[in-house]
Every structure is written in structure tokens, then in C-alpha cells.
Amino acid sequence: MLRLMLISVTIVGLSVAFSSQLVVAEGSTQTEASFLPTWKLLNSEAKQQFVAGYLFGWRDAARVTDLAIEYVKENPNNAVSGLERVRQIYDMEGLTAESMVRELDRFFSESEGRDATLSQAMTAAKLRMGR
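The sequence shown begins at 382 in the working numbering and counts up by one.
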């Protein structure tokens, strides 16, 4: 339940962060979303939960990167197509925090979701939504 709460906080926080105004650093050609407006909305406990969820996501990203490295080493001729398939698995474009939480609640209420990791649950929820 804690992991679900952490991912919910992360997803909601990221949604708010990316919908906040864009700021451009002086001399920079790249735009970045300022996270300060979101940070100001969070109390101390929410900040800790948000950061914990973000760190959890970074750990997942490191595992995916390790798998990608291993795949490329073992399949150098298929590296691009393999990485494109990995990218499709993790594409969450167009999904909302609200719809994901609703689907995660359904998934975790069923027997197949009882022992699932968060990554497995997110993938299952995404697939159930036709993505």
C-alpha cells in the first residue's frame, strides 16, 4: 500500500510539475519546468513521500538501463529494435494519474495483483487501459 501511495504522489506531483509554468535559464536554448510551485504545495510528509517515490523510480530506471546494456551486449545487431521495444513498454504518454490509480486499485483488488511488484502493477494497469 505504501508503494502505491508513493507512486500516486509521484505521478500526481509530476503531473503538477509539468503543468506548471515553463522557465528558461538565461542563455539556455532548453526549457525546463520549474518544480518550485509544486514543492511549495507539499507539506514535509508529502515532500518525503514524493522524494521516496522519485527515488524508487530512479532505481527502476537503473534496472532498466542495466537490462538495456546487457541486451545490447548480447544482441548488438538488434540493439536499436530491442531498445525501441523497451521504450514502448515504458511509454506512459497520455495516461493520467487519476486513470492509473483507478486501474491500480482494480489490479491490486484481484488475486493476480496481490504479490505483484509496483513495476508489474504499473505495466498491467497500462495494458488493461489498452496502452
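No residue lacks a Cβ here, since even glycine has one placed at the ideal position from N, Cα and C.
State the Cα-Cα distance for the pair residue i and residue j, rounded to the nearest angstrom.
i: serine 415; j: leucine 436; result: 19 Å
i: serine 480; j: aspartate 441; result: 21 Å
i: methionine 510; j: arginine 466; result: 18 Å
i: arginine 512; j: serine 425; result: 35 Å
i: threonine 391; j: leucine 476; result: With a pLDDT of only 44 at threonine 391, under 50, the local geometry of the prediction cannot be trusted, and the value read off the model is given with reservation. Roughly 14 Å separates the two Cα atoms.
i: glycine 494; j: leucine 485; result: 9 Å
i: tyrosine 471; j: serine 462; result: 15 Å
i: arginine 483; j: alanine 505; result: 12 Å
i: tyrosine 452; j: asparagine 459; result: 9 Å
i: serine 500; j: valine 432; result: 17 Å
i: tryptophan 439; j: leucine 448; result: 14 Å
What are the boundary residues of the alpha helix (DSSP H) that includes residue i?
i: proline 418; result: 417-422
i: threonine 504; result: 499-509
i: glutamate 479; result: 478-490
i: aspartate 496; result: That residue, aspartate 496, is in no alpha helix (DSSP H); it is neither H nor E in DSSP.
i: tyrosine 435; result: 425-455
i: glycine 463; result: 460-470
How should residue i be labelled, buried or exposed, when 16 other C-beta atoms within 10 angstroms of its C-beta is the threshold for buried?
i: threonine 446; result: exposed
i: lysine 454; result: exposed
i: methionine 503; result: buried
i: glutamine 402; result: Confidence at glutamine 402 is low in this model, with a pLDDT of 34, below 50, so the placement of that residue is unreliable and no value is reported for it.
Taking only beta-carbon atoms, is residue i less than 8 Å away from chain C?
i: glutamate 465; result: Note that chain C does not occur in the displayed structure, where there is just one protein chain.
Among the options, whose alpha-carbon lies nearest the alpha-carbon of residue i?
i: glutamine 469; options: Ala427, Pro418, Leu499, Leu508; result: Leu508
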